[in-house]
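Protein chains in written order, with numbering that gives the first Met the number 0: chain W, 0 to 415; chain Z, 0 to 982; chain F, 0 to 91; chain B, 0 to 184. Reading through the structure tokens given below for one structure.
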Amino acid sequence: MRYSALSIFLQGLTGNRRWTPAFRAPEPKPYYDVVIVGGGGHGLATAYYLARVFGVANVAVLEKGYLGSGNVGRNTTIIRSNYLLPGNNPFYELSLKLWEGLEQDFNFNAMVSQRGVLNLYHSDAQRDAYTRRGNAMRLHGVDAELLDREAVRAKLPFLDFDNARFPIMGGLHQPRGGTVRHDAVAWGYARGADSRGVDIIQHCEVTGIRRENGVVTGVETSRGFIGCGKLALATAGHSSVTAAMAGLRLPIESHVLQAFVSEGLKPFIDCVVTFGAGHFYVSQSDKGGLVFGGDIDGYNSYAQRGALSLVEHVAEAGVALIPALSRLRFLRSWGGIMDMSMDGSPIIDRTPIENLYLNAGWCYGGFKATPASGYCFAHLIARDASHETARAFRLDRFERGYPIDEKGLGAQPNLH
Amino acid sequence: MTGFRLPRGGCIDRSRTLRFTFDGRVMVGHPGDTLASALLANGVGIVGRSFKYHRPRGILTAGSSEPNALVTLGEGASSEPNTRATMVELSDGLIARSQNCWPSAAFDVGAINGLLSPFLSAGFYYKTFMWPAPLWEKLYEPLIRKAAGLGRASKAPDPDRYEKSWAHCDLLVIGAGPAGLGAALTAGRSGARVILVDEDHEPGGALLSTGGDVAGRSPTTLLADLVGELENLPNIRILSRTTAVGWYDDNLFGAVERAGPDFLSTGHAPRERLWRIVAREAILASGAEERPLVFGGNDRPGVMMTGAVSSYLHRQAVAPGRRPLIFTTNAAGYHAAAMLEEAGIEVSGIVDPRTEPEAEWRGRAPVFRNAVVTDVIGGRGVSGAVLDSEGRRSRIDADSIAMSGGFTPRIQLACQRGCKPVWSEAHLAFLAPERQNGLTVAGAAAGIEGLEGALHDGSRKAASALKELGLDAKPAFSAAPLNDRKTYALWRVAGTRGAAFVDFQNDVKVDDLLLANREGYGHVELAKRYTTAGMATDQGKTGNLNAIGILAEARGVTPGEIGTTTFRPFYVPVSFGALAGSARGKHFQPVRRSPLHGWAEKNGAVFVESGLWYRSSWFPRPGEMTWRESVDREVLNVRSNVGLCDVSTLGKIEVFGRDAATFLDRIYCNAFAKLPVGRARYGIMLREDGFIYDDGTTSRLADDHFFMTTTTALAAGVLSHLEFCAQVLWPDLDVRFASSTDQWAQMAIAGPKSRSVLEAIVDVDLSDDAFPFMAAREITLFGGKLSARLFRISFSGERAYELAVPAGFGESVADALMAAGAPYGICAYGAEALGVLRIEKGHVTHNEINGTVTADDLGFGKMVSSTKTDFIGRAMLRREGLVSQDRPQLVGVRPVDPRDGFKAGSHIMRPDDQTVLENDQGYVTSVAFSPHLGHMIGLALVKGGRTRHGERVVIWNALGESYIEGEVCAPCFVDPVNERLHA
Amino acid sequence: MASLIPCPHCGTRPREEFAVKGDAAPIRPELDAPASDWHEYLHLRDNPKGRHHEFWHHVSGCRRWLIVERDTASHEIYSITDAASAKQGGGA
Amino acid sequence: MPESPCHIPALAGVRPGRLGKEDGAPGVTLRALPEGLVVLALGRSDRKAVLAATVSVGLAKCSVSDAGFEQWLIAGDMPASPVVLASLAQALAGKVYVSDQSHGRVRIALSGPRSMNVLAKGCGIDFASFTVGTGAMTLYGHLGCHVFRAEETVFHLTVLRSFALALWDELVEAGREFGVEARAL
């Protein structure tokens, strides 16, 4: 069923009784050309682009919970492509371009809102680093502008300019950055993939990876064995757990990242702001809640819940940036499990095991990457060659000494 | 709407009148009122408007889960949106405003959305607003955002104070209702350390709003006795107005204490305080939430929970109307009816869907068995109701409705750490495990019925929790007769004509849930996300179980098979203020002051934040108009005369031990083991991955004592790294560390005349023979009056010394040096001049050591020892990517036209290349204006840069629209052969 | 674990006093070990959902490096030892 | 040029007087302790041995308390001469290294009936079992410090010199609701 204002009008006249399911609930078939493990944003996007762009439609997406129950449903919805390094920058820009045409592409309003992303700086060194970054963006044709203190003040006069411990000196602004309604991304991709024949199988947990003569032939699941030509893992957060089923150890640790939403407010802040002197970032959802977060808790965890001390830290940084926040309230917190990689950058690559493909290591930046991740992973699976923007995301880069380390913090995942 | 104050009764102080305003109307109330009770007493019906359809809304509850009566309190910087009127204690001068309505709550233009509701079904926005694409951001989204949201926040800084505190106890009791009081008393009498928290402004819970007889006493008497005894026990701390909001690992509870209404007058107490309570055991006695019934118009102002009706009647002597109707599935409705009748209010009827209603009803009101209310009659309030009794419809007059669909145990806190609630068919509710490690659920929260049952259950469970701790306690209340539980499920009334709301605040109707299910979003989590049910400020406390029941019915399964959404912190919304505490404004992070801060201030320093430190940045003198003038002067003066710079912020670590030398050999990539006593050496520390971590000078003061310096930024990191290596990698080495950053005031005395200045105060021979370059010694000053450490090291490239003196004497010594240096033209110089001096010499800092460079990249390749057996980073240095030819290498850059300036962060491009990322040659890491050379200079990391000296490049800065011609050169602009070090 | 940590030297302390480094299982290879050993040591992790040994540093307390054995799913702590004593014949 | 350099205490600038709640007796008293002697002793030994050595070199009035694993803080109101420090190092030589921190750490005494409440605002230690004479490194808010229980309601907080003013300000803020009596040196 195609969605439009007209369909809403017509359905509304008849009591909204004739809307049909957005996606099927198929029984798993015994064999698929491609089985994708993980019905989150990346897995669903991969299936969508496999079917839509690469003509591979005999595809199943296996999700152990409900659709989008992983990180696509528990993030802070920010999209941007303000990356520094050549391994990252073109990839995230591809992603932003795909976001820009996404809704028309899959006929689902995911509320892509390019309201701008502003990274504040508070020292000369930070300014220099942002200058370098902004210029790297401009070299690739990405929009970037360096705002001075007064330009930031004109945009966001309620930040703490006058009593701050770390005064705001300016910011790096990407006008095309913004936010997207995160759940709708999963639903939109699912609906688009489903309509092209992809089987999205919810509540189907993969319990083992079957190999014959070292070649992957299928997966054991809570709903029986499912054979496949190619097996693609898109289980960020739990990548190590799924990879271990094939005997693979990954350069990844799983960490919990908490995020928060406030009570609903009338329009308060109209862009995404990150606080360069403390771990804090904030935007406002279309529903009115401030959506914000901070750093990861720092210890390995699969628990989807974090510590109070981190919450306090986020509140401190929030109030330091915007003193008016003090009287507003946290409504809810949640925790997502992040694949923190050894250099802070992702992996989209074949594995040493034949027929096994890996999409992992997104750290806390997986959401914004969703379209390009799906596109490039589909490219890799369909063509057995990396997409040109994802060439650097190799699994062997660590061993060979080519880390993509935006922050320069080295092989300690919880620092990225 | 006809809410009113009864002439008698209640726990309010009628002798005092409090004046407050609501939407500009002046009203009065009494101490003991909440804002909600006072509004009811003043006949206010419509308190606000709902989120989506702007329906008029009144007051639903008397507690913290109130979804409708959200108001904005206060004005200006102190205004506070989305405050539940039910939780606000009335105070004199209180100002409250309704929300989400224009021009007023009573007449709101946005109510037109209600007429459009057929087209605004769940998820409608996902299906439209997509064409034409640009209109989303320009038109649709701004309209949606403007319409959405609840209250309006002030953007001015919050003027109030907040605090945090730790607390420790044997037993934390959450909730001071009957179960909590029983638990606290049981534990209190045993001598255990007890903390009792309760979110109301007085303890009592359900005992505060009930009549009749409990354990042989009136609830009021019983409560007074219990509280009286508790208050006299020294081992019990009662925290009223305190809501436990989160249960965290290791039995840590977060609780927020609100100031009472009089806090403004007391001045020094915080407005809110976050308690971090470490409890060995905890009892969750949070009671149960009464469930609304889902029928047409159930959101009309005047439709309330029966518990709220009882509470307002008993505590504040406020009645919801003069002719209320009761719609109930359980005994609560009858209790409310009895209280109303006792207060002289005529109850128009009791509608009960059960075929066998409460047998003991002795009141006057007629009971309609096997009947339901299908719809409310009335536009902005209640004028009557449509009854459906076995298919027969009739109308009944009423001016308000009290409803009760049963009770949902408040198990939220018990399920915040991953445990899944389990459906109990007997209770028609989800229950948490009665006991998890450290937490026991008691009373109504555990599904226990009745006040006596709760008293006993709390007592019993406290005793057994204390037993876990090895403490002996006797339950304060003995066993109570068990109530014979009769539960009845009515998740929604069928056949309603009007909209029947499940989530009031978010305007989620029965139809929305059914639509979500039809469209494939029937999983409880998907239904929540698709319809927004349970996402309002009450987080589904009022509506979620009904939503689950409705989904279960639609899918033909039990509510247990539907399951709940996940309970997460916080139990109620918590302010940023409470969570931030006093760490705000200038106190966001502590300030670190150099021991020479006072000296720098005296000399007119401009300070800049550097991590937590304030460092002196430059020292303007009269007549200097720009910072550059001052910095240029300081730089030139150092090169021609002498300057004094505070370098106290550099990290300083004493390294002791028989194996200290061996240890340092493994820490630095260059050799230290053979460093003689009395000498210093520049060292480079790698990370295990082979990239540079930090650099600094380390001196040997004795065979078993080194003095290490680190960069300011990594002082703490390096110490941790050393400790890791010593304790984890090589615990067999005898080596110990003491940070002495704060012990020493350290100053660089640099410039050709530095020796002459120093000679005035030091007691040692400073001749080049006696104190050569890289000498490092413990010396005395002022004829033996003061011990100090002197190092002949140079960051500026000039003859220079670093003098470390005990911090308390720092200012005095600096003063002495300035005085001694006056004849030589000494000046104070700051971090900016230091930066210029080092860039002129090509010395690196963290601008260059950015975590992605190797020693070879920076030209230190020869320093990396090839003879030492092992050191941190050695093995991984061999990787292909770390030795490849096109790695960035440190170079200098200068403008071809000396008038051109450029910025750090500019990229380096070849002049004829297309400006695309693939052609990027590198970037400028540091820049300075060299007063020595009279033009800008820079350091850069350029691919294969060491072979490219002399190459013309573009210094490319699109952000600044500056593209200048530059030349790559050696990374040293002044004195490349280091003659000045000895000058 | 995420709120309080029972330091073997200092007693139970808030998590804020500690810094965490990561997996304590890998053993630093000898210098001349094959490159793949060093790669494994520095980069590859079991990252189990369950029992895990981890380095924590009591930065604001005794300044000792500790090995915390705990469950990454439940956050329950099984043991906590001083890393030096563990290395010198202790557990972990 | 001064004949002999003068010593400027880190808390020389704090203002004495009554702060916060004005009425009634002050809940807490804050006092900057004299910048006398602070020594960190490190090594494989125990508190008793360090105490014995401290006494043996004439520093009998100093407190010796735990300051981490195999680390002890020796603190007193009177400064010690380099000679005494050298003899202390000598007395402990072979096992324990000493690092003079007399200028690196600053001590603040927190006393009064509400001292424990003020301490609880920044410090997560359960002081119920923290007996008189006990010392420990811990955090007060964001600040690392050493807490020493000198008497039932008297605590000495030892903090890095650069943070001394920051800690002082925090303690004043935390004591405000009880009333603070601030005493300068």
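Using N, Cα and C, we set each Cβ at its ideal position, and we do this for glycine too.
Of the residues Z:W955, Z:A553, Z:D703, Z:S647, the one placed nearest Z:D912, counting alpha carbons only: Taking the second sequence and counting its residues from 1, the one referred to as residue 912 of chain Z is at position 913. The shortest Cα separation from Z:D912 among Z:W955, Z:A553, Z:D703, Z:S647 belongs to Z:W955.
Within 8 Å (strictly less), CB to CB, does F:T71 reach chain W? On the third sequence, position 72 is the one that residue 71 of chain F refers to. True, the Cβ-Cβ gap to chain W drops below 8 Å.
Contact residues within the stretch 61–94 of chain B, judged by C-beta distance below 8 Å to chain D: The structure shown has no chain D; the protein chains it does contain are W, Z, F and B.
Decide if W:Y356 is buried, meaning its Cβ has at least 16 other Cβ atoms within 10 Å, or exposed. Position 357 of the first sequence holds residue 356 of chain W. When all chains shown are included, W:Y356 counts as buried.
Can you tell me where the alpha helix (DSSP H) holding W:Q10 begins and where it ends? As a working mapping, residue 10 of chain W is identified with position 11 in the first sequence. Annotation: the continuous alpha helix (DSSP H) that includes W:Q10 extends over 4–12.
Within its chain, find whatever has a CB closer than 7 Å to the CB of F:G90; leave out the 5 residues flanking it on each side and keep chain order. Here residue 90 of chain F refers to the residue found at position 91 when the third sequence is read from its first residue. Residue confidence for F:G90 is low, a pLDDT of 43 falling below 50, so the modelled location carries little weight; the figure read from the coordinates is stated next. Cβ neighbours of F:G90 beyond the five flanking positions: S78, T80.
What separation, rounded to the nearest whole angstrom, lies between the Cα atoms of B:G93 and Z:M773? Here residue 93 of chain B refers to the residue found at position 94 of the fourth sequence. Here residue 773 of chain Z refers to the residue found at position 774 of the second sequence. Rounded to whole angstroms, B:G93 to Z:M773 spans 29 Å at the Cα level.
Need the endpoints of the alpha helix (DSSP H) that Z:V142 sits in, please. Within the second sequence, numbered from 1, the residue matching residue 142 of chain Z stands at position 143. The identity of residue 142 of chain Z in the sequence shown is Leu, whereas the question assumes Val. Z:L142 -> alpha helix (DSSP H) spans 140–146.
Chain F contacts from the stretch 231–256 of chain W (Cβ-Cβ distance under 8 Å): The residues in question are H237, S239, V240, A243, R248, L249, P250, I251, E252, S253.
Any heavy atom of the ligand ADP closer than 7 Å to the Cβ of W:T75? Among the ligands in the structure shown, none appear at all, so the ligand ADP cannot be discussed.
B:M77: buried (16+ other C-beta within 10 angstroms of its C-beta) or exposed? For the purposes of this step, residue 77 of chain B is taken as the residue at position 78 of the fourth sequence. Classification for B:M77: exposed.
Is B:P33 buried or exposed, if buried means 16 or more other CB atoms sit within 10 Å of its CB? Translated into positions along the fourth sequence, residue 33 of chain B becomes position 34. With fewer than 16 Cβ atoms within 10 Å of its Cβ, B:P33 is classed as exposed.
Secondary structure at Z:H934, three-state DSSP: helix, strand or coil? Within the second sequence, the letter at position 935 stands for residue 934 of chain Z. Judged by DSSP in its simplified three-state form, Z:H934 adopts strand.
Determine which residues share a DSSP beta bridge with W:P322 and list them. To locate residue 322 of chain W, count along the first sequence from 1; it is residue 323. Partner(s): none; W:P322 has no beta bridge.
Is Z:R240 close to chain B? Criterion is C-beta to C-beta, closer than 8 Å. Reading the second sequence from its first residue, position 241 is the one you call residue 240 of chain Z. Taking Cβ atoms only, chain B never reaches closer than 8 Å to Z:R240, which makes this a no.
Sort Z:L611, Z:A747, Z:S463, Z:V835 by Cα distance to Z:R627 and report the nearest one. In the second sequence, counting from the first residue as 1, residue 627 of chain Z sits at position 628. The candidate whose alpha carbon is nearest that of Z:R627 is Z:V835.
At the level of alpha carbons, what is the spacing between Z:Y828 and Z:V630? Here residue 828 of chain Z refers to the residue found at position 829 when the second sequence is read from its first residue. Here residue 630 of chain Z refers to the residue found at position 631 when the second sequence is read from its first residue. Each residue's alpha carbon lies about 8 Å from the other.
Please classify Z:H167: does DSSP put it in a helix, a strand, or coil? Walking along the second sequence from the start, residue 167 of chain Z turns up at place 168. For Z:H167, the secondary structure class from DSSP, reduced to helix, strand or coil, is strand.
Starting from Z:E950, trace the beta strand (DSSP E) both ways and give me its first and last residue. Translated into the one-based positions of the second sequence, residue 950 of chain Z becomes position 951. Premise fails: Z:E950 is in no beta strand (DSSP E) and is neither H nor E.
Quick one: using the 10 Å Cβ neighbour count with 16 as the cut-off for buried, is W:M136 buried or exposed? Against the first sequence, residue 136 of chain W aligns to sequence position 137. By the beta-carbon neighbour count (other beta carbons within 10 angstroms, threshold 16), W:M136 is buried.
Taking 7 Å as the limit between beta carbons, can you name the residues of its chain near W:F267, skipping five residues before and five after? Numbered from 1 along the first sequence, position 268 holds the residue referred to as residue 267 of chain W. Excluding residues within five positions, the ones whose Cβ falls inside 7 Å are Q283, L289.
Residue-level contact to chain Z via CB, B:C5, 8 Å cutoff: Translated into the one-based positions of the fourth sequence, residue 5 of chain B becomes position 6. By this cut-off, B:C5 is an interface position.
Min CB distance W:S3 to chain Z below 8 Å: Counted from its first residue, the first sequence places residue 3 of chain W at position 4. So, interface residue.
DSSP three-state assignment for B:V38, whether helix, strand or coil: Position 39 of the fourth sequence, counted from the first residue, corresponds to residue 38 of chain B. Strand at B:V38.
B:C5: buried (16+ other C-beta within 10 angstroms of its C-beta) or exposed? The residue you call residue 5 of chain B lines up with position 6 of the fourth sequence. Under this definition B:C5 is an exposed residue.
I'd like to know whether the C-beta atoms of W:A323 and Z:S153 end up nearer to each other than 8 Å. Working through the first sequence from its first residue, we reach residue 323 of chain W at position 324. Working through the second sequence from its first residue, we reach residue 153 of chain Z at position 154. In this structure, Z:S153 lies closer than 8 Å to W:A323 by Cβ.
Using a Cβ-Cβ cut-off of 8 Å (strictly less than) and excluding sequence neighbours within five positions of Z:G190, which residues of its own chain qualify? By one-based count along the second sequence, residue 190 of chain Z stands at place 191. Only residues of its own chain outside the window of five on either side were considered, and among them N234, L470 have a CB closer than 8 Å to the CB of Z:G190, listed in chain order.
Got a sec? Which residues, its chain only, sit under 7 Å from Z:G521 by beta carbon, not counting five neighbours each side? As a working mapping, residue 521 of chain Z is identified with position 522 in the second sequence. A515, L550, R554.
In its own chain, which residues sit with a C-beta less than 8 Å from the C-beta of Z:R754, not counting the 5 before and 5 after it? Reading the second sequence from its first residue, position 755 is the one you call residue 754 of chain Z. Closer than 8 Å at the Cβ level, and outside the excluded window around Z:R754, lie L765, R798, Y800.
Z:M0 at chain W interface by Cβ criterion, 8 Å: Reading the second sequence from its first residue, position 1 is the one you call residue 0 of chain Z. At Z:M0 the pLDDT is 48, less than 50, meaning the model places this residue with poor confidence and gives no usable figure here.
I need the DSSP call for W:D104, collapsed to helix, strand or coil. On the first sequence, residue 104 of chain W is found 105 positions in, with the first residue counted as 1. The three-state secondary structure of W:D104, taken from DSSP, is helix.
Is the distance from the Cβ of Z:D387 to the Cβ of Z:G494 below 8 Å? Here residue 387 of chain Z refers to the residue found at position 388 when the second sequence is read from its first residue. Here residue 494 of chain Z refers to the residue found at position 495 when the second sequence is read from its first residue. Yes, the pair counts as a contact, with Cβ atoms nearer than the cut-off.
Taking the alpha-carbon positions, what's the Z:M129 to W:A128 distance? Sequence index remark: in the second sequence, residue 129 of chain Z carries index 130 (1-based). Sequence index remark: in the first sequence, residue 128 of chain W carries index 129 (1-based). Rounded to the nearest angstrom, the two C-alpha atoms are 38 Å apart.
Apart from the five residues just before and just after Z:G689, which ones in its own chain have a Cβ nearer than 6 Å to its Cβ? Here residue 689 of chain Z refers to the residue found at position 690 when the second sequence is read from its first residue. Counting only Cβ-Cβ distances below 6 Å, and skipping sequence neighbours, we find G872, M875, L876, L881.
Using a Cβ-Cβ distance cut-off of 8 Å, determine whether W:M341 contacts chain F. To locate residue 341 of chain W, count along the first sequence from 1; it is residue 342. Judged by the 8 Å Cβ criterion, W:M341 is in contact with chain F.
Who are the neighbours of F:P13 on chain B, taking C-beta pairs under 8 Å? By 1-based counting over the third sequence, the position of residue 13 of chain F is 14. Chain B residues near F:P13: G123, L138.
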